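Here is the structure we will look at, set down as structure tokens.
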Amino acid sequence: MNDLEQAIKLNQESKQFRDEAREALSESRELLNKTIRFNDQANINQRRIALAVSSLLPKSLRNDFNLNEADIENTATVSRDNVEVIRKREMLDILHAINVLAVTNSDVIHIFVNYAANINCLAVFAYAPEHDYANGDNRERLFEKNVWLSHDFALKRLLSIESQLTELIIEAREEAEAKAEVEA
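Here my numbering is used: the first residue of the sequence shown is 26, the next is one more, and so on.
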């Protein structure tokens, strides 16, 4: 076999390898396109499920929205918005509970709840009921916490404050009852 025949044979083999490589590349592209379509369909189905589940939420916790088939891709954004609405609703519920604790237990503890809108901060502090406000009583506060409501941990912090205030109120009630029994 001379050099020319060997070169022709190598050329034919390389053409065969190129053709096989092109065919493999073509198949790979088809598989990639199928995978992309399947992924898109799975995402659409997942968004539809999220939309369906979010529509089961109570009206006070959900955003009202109308989506058609063309807008189905927007459901991911809508779902994120719903999560944010729920988070804010939970925070408002806890804020309300803290205010209710302050109003309903003023006979045993004085709870102050202040909101600074310019920094979105809630300050909660408490004094004993015998605190002398008029004469500048220098006793330390029984409780003092600040929560920046825009922070990620705000909900957890508000729950902690509500729990700690409840414990303080229980202790103050027990002390008041013990004091009343001693006086009686």
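The beta carbon of each residue, even a glycine, is placed where N, CA and C say it ideally should be.
Just so it is clear, the structure is predicted and the values come from calculations on it, not from any experiment.
Do residue j and residue i come within 8 angstroms of each other at the CB atom, strictly closer than that value?
i       : j       : result
Val-133 : Arg-72  : no
Glu-187 : Ala-122 : yes
Ile-119 : Leu-190 : no
Leu-147 : Leu-174 : yes
Phe-168 : Ala-151 : yes
Val-172 : Arg-182 : yes
Val-125 : Val-138 : no
Is it buried or exposed for residue i, if we count other Cβ within 10 angstroms and need 16 for buried?
i       : result
Asn-130 : buried
So who's on the other strand from residue i, going by DSSP bridges?
i       : result
Ile-119 : In the DSSP output, where bridge partners are listed per residue, Ile-119 has none listed.
His-135 : Tyr-152
Val-172 : Leu-147
Tyr-140 : Leu-147
Could you spell out where the alpha helix (DSSP H) holding residue i opens and where it closes?
i       : result
Ala-197 : 179-208
Below 6 angstroms CB to CB, which residues in the same chain sit around residue i once its five sequence neighbours on both sides are set aside?
i       : result
Ala-142 : none
Tyr-140 : Leu-147
Lys-170 : Val-149, Ile-186
Taking 7 angstroms as the limit between beta carbons, can you name the residues of its chain near residue i, skipping five residues before and five after?
i       : result
Ile-194 : Leu-126, Asn-130, Val-133, Ile-134
Asn-145 : Trp-173, Leu-174, Ser-175
Met-116 : Leu-174, Ala-179, Leu-180, Leu-183
Arg-166 : Phe-150, Ala-151, Tyr-152
Asn-156 : According to the sequence as given, residue 156 is His; it is not Asn. Here the set comprises His-135, Asp-162, Arg-164.
Residues in the same chain with beta-carbon distance under 8 angstroms from residue i, minus the five sequence neighbours each way, listed in chain order, please.
i      : result
Glu-45 : none
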